[in-house]
Amino acid sequence: MAFSAMHSHLLSGEVQLSNRKNSHCKSRAQHLKVSAAVSAPSAPVEARRPAATGGVKHAMTLTEKILAKHSDNTRLQPGANIWTNVDKLLTHDVCGPGTFGIFEKEFGEGAQVWDPEKVIIIPDHYIFTSDPRANRNVDILRDMVAKYGIKYFYDITDRADFRANPDYKGVCHIAMAQEGHCLPGEVMFGTDSHTCNAGAFGQFASGIGNTDAGFILGTGKLLIKVPPSIRFVLDGEMPPYLLAKDIILQIIGEITVAGGTYKAMEFSGEAIEAMSMEERMTICNMVVEAGAKNGICPPDAITFDYVQQRTDAPFEAVQADAGASYVEEYRFDVSKLEPLVAAPHSPDNRKKAADCSNVNIDRVYIGSCTGGKTEDFVAAAKLMHRAGGKVKVPTYLVPATQKVWMDVYGMPVPGCDGKTAAQIFQAAGCDTPASPSCAACLGGPKDTYARMNKPEVCVSTTNRNFPGRMGHKDGQVYLASPYTAAASAMTGRVADPRDFL
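Below you can see the structure in the form of structure tokens.
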């Protein structure tokens with residue numbers, strides 16, 4: 000059995016445990032019911048003085064502990080409404096102008112941003128386009144930065160050559176990590192649903208709308224409800240043909256796109272501990288596709304090493320308490336999982352890649368905050384090198400950031416005779432790696448690079464496959480790992496990467 004899911008419910012002094020099988024699993028569900036002694040803490044005695052530690056220890060999840068610290072609470076439980084202090088606010092070219100517009104309307108023309116050094120503005124969505132409204136958005140951001148003295152603005156002024164803009168970075172979520180803005184234990188909000196990407200660093204990170212962001216601009220605080228937590232324990236060793244994208248597609252397929260609604264998805268286990276930061280980012284990046292408020296991984300030596308190589312800013316990491324309460328717990332043995340895709344038109348439409356080998360495709364897209372990092376391109380190049388020959392369909396490559404673009408061109412791919420990813424892609428007949436941006440992940444203006452302007456079938460390393468997401472409303476998108484995307488490019492159909500690895 001490739002996985003098991005364990006649900007815990009407190010019912011009349013008993014703990015109900017059940018192993019719930021996935022709809023694709025043939026084994027019969029097993030149910031186990033055990034008695035448990037459950038007692039509430041005694042009511043405080045009026046004459047008793049509080050302990051010097053501030054109260055009785057209350058076990059909390061990773062998310063609860065971070066939010067408790069940021070709201071000056073010694074304990075928190077799911078459902079509590081709290082005012083949390085905010086460490087970082089992220090916005091970009093699509094939502095930034097609206098955010099500042101709301102801030103100025105509600106706080107007044109003379110108001111100042113609560114902390115100009117805690118606001119990060121990264122143009123990345125509609126950048127390399129001639130669309131006048133898209134270009135105007137970046138101009139508005141430039142004016143707001145000058146007006147309010149925002150320190151971190153990764154501007155682009157020469158769209159003809161992104162390399163002529165040393166401040167320009169690319170996709171905001173990957174740039175945030177690379178520039179040292181993601182710190183364990185912090186609270187970050189962003190006007191983008193995939194802000195949850197930063198949860199890989201052991202911080203609370205969640206997407207919000209322009210109104211909430213405008214309020215944060217003026218106050219540095221936000222009223223939120225503490226989410227209940229689901230724990231996902233990933234055991235076993237990752238097979239050489241699996242990537243983190245397969246794991247998160249497995250999880251979303253298991254709990255559905257509504258299964259994590261307004262919950263914190265906390266990941267742990269030996270498979271997580273063995274993952275690089277980029278792979279952990281892939282996991283946390285897509286929790287919003289399950290409806291989650293945030294995703295989070297426990298910070299460890301791998302986290303600290305990544306962060307400290309990029310910033311000397313102080314941080315205070317926290318860990319979940321033993322005995323913390325989770326509304327559900329799922330366990331997966333990753334060694335038994337297989338390469339997956341999410342078929343049109345939902346991220347939870349999980350299928351084995353091998354079972355979709357009869358699906359002919361028109362194109363492959365490798366990029367985005369989910370699948371456009373350095374390790375994603377290294378994985379795709381590694382498979383293409385082993386496969387040999389040429390791609391059978393147009394294959395579009397969009398590095399997430401300038402740093403990723405430089406790695407694609409300058410870093411030898413391990414085990415590939417000293418060749419760089421760019422050399423391997425060129426030999427395989429892929430399109431030349433494009434300027435770093437979100438590009439076709441969310442469609443964009445019609446002149447956006449690699450946008451689906453026709454009803455084609457695409458295998459993509461992106462995060463969503465709803466109708467029209469990458470352009471044409473009749474397009475079909477299969478979400479996949481970089482390995483599966485590369486294998487599909489080499490065959491012209493949805494392919495299992497084990498055929499080449």
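373 is the number that numbering that gives the first Met the number 0 gives to position 374 of the sequence shown; each next residue is one higher, with no gaps.
Even glycine gets a Cβ: it sits at the ideal position worked out from N, Cα and C.
| Item | Value |
| --- | --- |
| Span separating the alpha-carbon of G109 from that of P393 | 52 Å |
| Neighbourhood of N136 by C-beta distance below 6 Å, restricted to the same chain and skipping five residues each side | D92, P96 |
| Cα-Cα separation, S459 to I101 | 35 Å |
| L478 to I271 span [Cα, whole Å] | 21 Å |
| Own chain partners of P298 with C-beta closer than 7 Å, once the 5 adjacent residues on each side are dropped | P183, F200, G201, A316 |
| Y151, buried or exposed, once every other Cβ within 10 Å from all chains shown has been counted against 16 | buried |
| Simplified DSSP state of M0, which is helix, strand or coil | The pLDDT assigned to M0 is 41, lower than 50, so where the model puts this residue is not dependable, and the model offers no usable value. |
| H23 (DSSP reduced to helix, strand or coil) | In this predicted model, H23 has a pLDDT of only 37, less than 50, meaning its place in the structure is not dependable enough to derive any value. |
| Neighbourhood of G491 by C-beta, 7 Å cutoff - its chain only, sequence neighbours within 5 removed | N359, I360, K391, V392 |
| G322 burial status per 10 Å Cβ neighbour count (16 or more: buried) | exposed |
| C-beta contact flag for Y167 and I149 at 7 Å | no |
| Inter-residue spacing [alpha-carbon to alpha-carbon] between F502 and T431 | The requested residue 502 is not part of the displayed model; the chain covers only 0 to 500. |
| Minimum length 4: unbroken alpha helix (DSSP H) runs contained in the region 142-182 | 171-177 |
| Nearest candidate by alpha-carbon position, reference I282, set A197, T302, R362 | A197 |
| A79 to M285 span [Cα, whole Å] | 25 Å |
| Contact set for T210: own chain, Cβ-Cβ below 8 Å, skip 5 residues either direction | I101 |
| Start-to-end residues for the beta strand (DSSP E) that takes in T373 | Not the beta strand (DSSP E): T373 falls in the alpha helix (DSSP H), residues 373-386. |
| Three-way DSSP call (helix, strand, coil) for K453 in this model | coil |
| Three-state secondary structure assigned by DSSP to S367 | helix |
| Touch test, the region 458-472 against the region 439-447, Cβ-Cβ under 8 Å, three pairs minimum | yes |
| Pair within 7 Å by beta-carbon distance, L221 and I215 | yes |
| Where the beta strand (DSSP E) containing N84 begins and where it ends | 80-84 |
| From T83, A273, Y147, residue whose alpha carbon lies closest to that of V333 | A273 |
| Between the CA atoms of G366 and P343 - distance to the nearest angstrom | 18 Å |
| Beta carbon of G206 nearer than 7 Å to that of T218 | no |
| Q401 vs G169 beta-carbon contact at 7 Å | yes |
| Member of F266, A485, C171 whose CA lies at the smallest distance from the CA of A420 | A485 |
| Y305 vs M276 beta-carbon contact at 7 Å | yes |
| Residue closest to T513, alpha-carbon to alpha-carbon, out of C429, V407, C457, V397 | Since the first residue of the chain shown is 0 and the last is 500, residue 513 is not available in this structure. |
| Integer-rounded CB distance, given that M237 should sit under 8 Å from K87 | 31 Å between Cβ atoms; not a contact. |
| Residue environment, S434, which counts as buried when at least 16 other CB atoms sit within 10 Å | buried |
| Contacts around Q177, its chain only, beta-carbon distance under 8 Å, and the 5 residues preceding and following it disregarded | K168, R309, T400, K402 |
| Contacts around L382, its chain only, beta-carbon distance under 7 Å, and the 5 residues preceding and following it disregarded | Y482, A485, A486, P496, F499, L500 |
| C-beta atoms of F331 and L233 nearer than 7 Å | yes |
| Complete runs of the beta strand (DSSP E) confined to the region 286-328 [at least 3 residues] | 293-295 |
| Inter-residue CB distance, L66 and T83 (contact presumed, cutoff 8 Å) | 6 Å |
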